[in-house]
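Engineer: Protein chains in written order, with my numbering: chain A, 8 to 458; chain B, 180 to 362. The beta carbon of each residue, even a glycine, is placed where N, CA and C say it ideally should be.
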Amino acid sequence: MLSALLLCAGIAGAQVALTRLNLAGSQVQSIGLYGAEYASREVLSRLLKVEQDGSLVRVEGYGHTLLLPIDEDQQRATTAFNTVQLDTQRVTGRTATLVNGNLYLPLDTLARGLGATYELGNFRVTSPTLQGVSSRTGKDSDRLVLDLTRDVEFKDELRGTTVQITLSGLKGEARRYTTRGAFVPAAEVKAQGNDLVLSFPLPPGSGYRVYRVVRTGGARVVIDAGPGIPRNTVALLDRISRPLIVLDPARVEGLGRDVTLDVARRAAELLSKAGWQVKVTRESGSAMGLNEKLTLVRQSDVFLALDLGRFPGTGRGGVTVYEQTGRAGTQIVNTLRAGTTPPYGALVVGGPGGSRRLSELLRGELRGGGVTAKQDSVSRLLTLGEAPQAALLLELGWTGNAADRANLGTEARLQAMGVALARSVATYLTARANNASQLGAAASTPQGATQ
Amino acid sequence: MSVIKRLFSLFNVVTLLLLVAAYMAYQMVQKPPAKPDAPKLQLAQRRDVKVKVYYSDAQVQNLKAETRTVQVTQENPGALAQAALNVWATGPSASGNLAVVPKGTAAPKVYIRGAHYFVDLPSTYQSLKYGSSGERVLLCSLTRTLLETRGEDVTFLLNGQDVDTLGHLDLREAFTRQDCADQ
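1) Give the secondary structure of Y218/A by DSSP, where H, G and I count as helix, E and B as strand, and everything else as coil.
2) Determine, using beta carbons only, whether Y379/B comes closer than 8 Å to chain A.
3) Below 8 Å on the Cβ atoms is my contact criterion, and I expect G376/A with A427/A to pass it. Report the Cβ-Cβ distance as a whole number of Å.
4) Please report the residue range of the beta strand (DSSP E) in which Y290/B lies.
5) Smallest Cα separation from N100/A: which of E58/A, N107/A, A43/A, G70/A?
6) Please name the residue in D341/B, Y309/B, D343/B, L337/B whose C-alpha comes closest to that of T406/A.
7) Output the distance between the C-alpha atoms of L337/B and S302/B, rounded to the nearest integer angstrom.
8) Within 10 angstroms of its Cβ, does A423/A collect 16 or more other Cβ (buried), or is it exposed?
9) Which partner residues does T327/A have in the DSSP bridge list?
10) Name the chain A residues whose beta carbon is nearer than 9 Å to that of H295/B?
11) Buried or exposed: which applies to P215/B, given that a residue is buried once 16 or more other Cβ atoms fall within 10 Å of its Cβ?
12) Taking C-beta pairs closer than 7 Å, name the residues in chain B that D314/A reaches, listed in chain order.
13) Let me know the secondary structure DSSP gives N191/B once reduced to three states.
14) For V23/A, is the classification buried or exposed, using 16 other Cβ atoms within 10 angstroms of its Cβ as the cut-off for buried?
15) Take A316/A as the anchor and find which of H295/B, V249/B, G313/B has the nearest alpha-carbon.
16) Measuring CB atoms only, is the stretch 175 to 189 of chain A touching the stretch 148 to 157 of chain A, in the sense that at least three cross pairs come out at less than 8 Å?
17) Tell me, please, whether the CB atom of V385/A is closer than 8 Å to any CB atom in chain B?
18) Does any residue of chain B have a CB that is nearer than 8 Å to the CB of L297/A?
19) Counting contacts by CB-CB distance shorter than 8 Å, is L325/B in contact with chain A?
20) What is the rounded straight-line gap between the Cα of A353/A and the Cα of G371/A?
21) If you scan the stretch 151 to 184 of chain A from start to end, which runs of the alpha helix (DSSP H) of 4 or more residues do you find wholly inside it?
22) For the stretch 254 to 273 of chain B against the stretch 228 to 246 of chain B, are there 3 or more C-beta pairs whose distance is under 8 Å?
23) Listed in chain order, which residues of the stretch 309 to 341 of chain A have Cβ atoms closer than 9 Å to some Cβ of chain B?
24) What's the C-alpha gap between G455/A and I38/A?
25) Could you pull out every unbroken alpha helix (DSSP H) segment of at least 4 residues lying fully inside the stretch 59 to 146 of chain A, listed in chain order?
26) Just to confirm the assignment, what range does the alpha helix (DSSP H) spanning Q199/A have?
27) Output the distance between the C-alpha atoms of V170/A and D308/A, rounded to the nearest integer angstrom.
28) Less than 8 Å between CB atoms is the rule here; does E164/A satisfy it with respect to chain B?
29) Closer than 9 Å, Cβ to any Cβ of chain B: which residues of the stretch 382 to 415 of chain A, in chain order?
30) Check whether chain A comes within 8 Å of L321/B, counting only Cβ atoms and requiring the distance to be less than that.
31) Would you call the stretch 200 to 207 of chain B in contact with the stretch 282 to 298 of chain B, where contact means no fewer than 3 C-beta pairs closer than 8 Å?
32) Would you decide whether E126/A is buried or exposed? Buried here means 16 or more other CB atoms lie within 10 Å of its CB.
33) What whole-angstrom Cβ distance do L345/B and Y304/B have, given they're in contact under 8 Å?
34) I need the boundaries of the alpha helix (DSSP H) containing R344/A, first residue and last residue.
35) Going by C-alpha to C-alpha distance, which of V66/A, L63/A, T104/A, N89/A sits closest to E79/A?
36) Using the beta-carbon of each residue, which ones in chain A are nearer than 7 Å to D332/B?
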């Protein structure tokens with residue numbers, strides 16, 4: 008009652024009139040002050056971030072920042088002789104003032120600075136819409152430009168090998184855009200609830216950055232991606248984008264031909280050509296030491312040991328894919344496998360399911376290449392026990408079996424096994440990267456610029 | 180009369196007795212000791228004991244148990260374990276099972292400390308060059324043979340030394356029954 012009386016007294020003494028305002032679709036109260044329309048800080052806070060800092064008001068919204076000095080002389084504040092800062096420009100216009108100790112801001116100055124439409128009693132903000140996506144190709148990076156009717160908040164994150172940019176409250180047509188770029192050949196726009204999500208695959212070894220450019224009458228979200236952009240993601244995520252494949256061919260003497268190395272080389276060549284990072288633990292004349300090999304095994308995302316079965320007196324033959332069972336040789340692996348997996352924990356230590364999936368894929372690919380492979384389990388193999396992710400032993404055949412020896416002497420057989428190995432590993436790692444998208448979503452850890 | 184009396188005085192008699200005693204004592208100590216009789220050789224009783232010994236199946240996939248009779252003089256765990264490994268090294272008797280080491284290969288030595296077995300593999304085992312699956316069968320057949328009746332685990336040494344691996348297999352920790360469970 009007292010405040011109403013005070014307001015009335017203030018209004019009577021200061022040429023103030025109470026009016027109704029349509030503020031971005033909602034009816035609120037405003038005041039007319041010496042012929043200019045003002046809205047209180049409380050009312051505007053529904054739409055904008057308004058902060059008072061001494062004798063200055065800072066208004067942030069729709070990608071714009073406005074600085075308005077507070078002039079306690081109400082009449083002078085409503086004149087156009089005040090200097091206000093709209094983003095980076097200092098212009099003359101009406102400024103903020105105090106009415107009965109409450110902060111009021113001029114709607115025409117706000118509309119000018121925020122790119123909104125204003126007429127007496129009506130303050131309209133353009134609805135955020137995606138007007139188009141354009142691209143530009145570069146030497147070492149490609150650029151995607153999203154034209155928006157006004158600025159919106161966005162969040163970018165790398166999920167597996169896919170960059171996802173979620174633009175809050177944006178409307179637009181869901182469609183796929185293709186570019187002529189070598190690094191970002193396509194991007195997809197999808198609606199997700201009230202938001203719009205733009206996603207594109209990030210090539211291995213590439214980085215990306217997202218930033219906004221706010222202009223009068225609209226805003227742009229610019230995305231640069233490619234090897235020319237430095238990677239700023241945590242090293243752990245490299246396990247998804249740049250997984251390490253380690254092939255460990257055992258040295259088997261007395262067969263004439265180094266078949267394990269032959270198959271490993273064929274698979275490594277195919278995988279390297281496809282952009283995967285592959286390391287083979289030995290060459291024909293040299294081999295890594297045990298410690299060096301184990302260091303590599305511990306860093307691996309896929310570890311494949313290649314061996315030939317040897318045992319006196321057996322007539323056993325055929326290809327066998329072994330999965331390791333039992334405890335791992337590393338404490339962290341056992342601890343993480345036994346406990347609750349933290350977010351991104353699967354990137355540190357994969358469960359036994361990874362080896363099982365890879366084994367199934369490998370046997371499937373071998374079958375496709377005309378090689379029937381059995382599935383078996385093995386325990387206490389040093390290298391397989393040290394591998395934190397998917398690890399298998401592939402027995403290419405048995406040296407004591409005449410049919411196996413004959414098979415391993417043919418180019419077609421070795422090529423079929425090399426191709427099956429490469430294809431199964433590539434399929435497994437691609438699927439793992441896609442699964443990591445859900446993993447990232449669960450963890451919900453945005454990276455890079457978010458505002 | 181007085182001469183005789185003087186001759187057999189108390190002093191002379193005692194002295195004479197002492198001389199006789201000394202002579203007899205001298206004779207006694209100079210006498211060579213009697214030869215002891217050689218102990219009679221008694222052959223220890225060797226008893227037949229049945230033990231379970233594991234070999235490889237024909238496919239080098241699973242372990243096959245054979246019940247074999249070994250002869251031991253003492254029925255303690257150490258003697259039984261060593262006897263079992265000795266018969267393990269000689270190979271299987273049942274057809275269809277495969278010997279894990281070539282004929283004539285020395286059997287490993289086994290020692291027991293509480294519930295833990297320590298098996299010292301001769302250096303020739305390093306040059307057997309089996310594949311990964313074969314090496315597992317080699318070590319698991321020994322492990323299963325030893326842990327059949329008692330014990331917790333088996334630690335493998337190579338030529339008396341601690342080693343990390345035998346071929347592709349991890350020897351850094353002791354082998355347990357779980358490590359060698361049927362596939």
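Structural biologist: To lay it out plainly:
1) strand
2) What the structure shows of chain B is the stretch from 180 to 362, and residue 379/B is not part of that stretch, so it cannot be assessed.
3) 5 Å
4) 288 to 292
5) Position check: residue 100/A holds Gly in this sequence, whereas Asn was assumed. Looking at the Cα atoms, A43/A is the closest of the given residues.
6) Y309/B
7) 6 Å
8) buried
9) K381/A, E402/A
10) Those within 9 Å of H295/B in chain A number zero; the least Cβ separation is about 17 Å.
11) exposed
12) G310, S311
13) helix
14) buried
15) First, the amino acid is wrong: residue 316/A is Gly here, not Ala. Among H295/B, V249/B, G313/B, the Cα nearest to that of G316/A is on G313/B.
16) yes
17) yes
18) yes
19) no
20) 25 Å
21) none
22) yes
23) A312, D314, L315, G316, R317, F318, P319, G320, T321, G322, R323, T327, Y329, T332, G333, R334, G336
24) Legend: pLDDT at G455/A = 35, less than 50; position of this residue unreliable, no value from coordinates given.
25) 81 to 84, 114 to 121
26) First-last for Q199/A: 193 to 199, but that is the beta strand (DSSP E), not the alpha helix (DSSP H).
27) 21 Å
28) no
29) D383, S384, V385, S386, R387, L388, L389, T390, L391, G392, E393, L400, E402, W405, T406
30) no
31) no
32) exposed
33) 7 Å
34) 338 to 345
35) T104/A
36) Near D332/B there are no residues of chain A at all, since even the closest Cβ is about 12 Å away, more than 7 Å.
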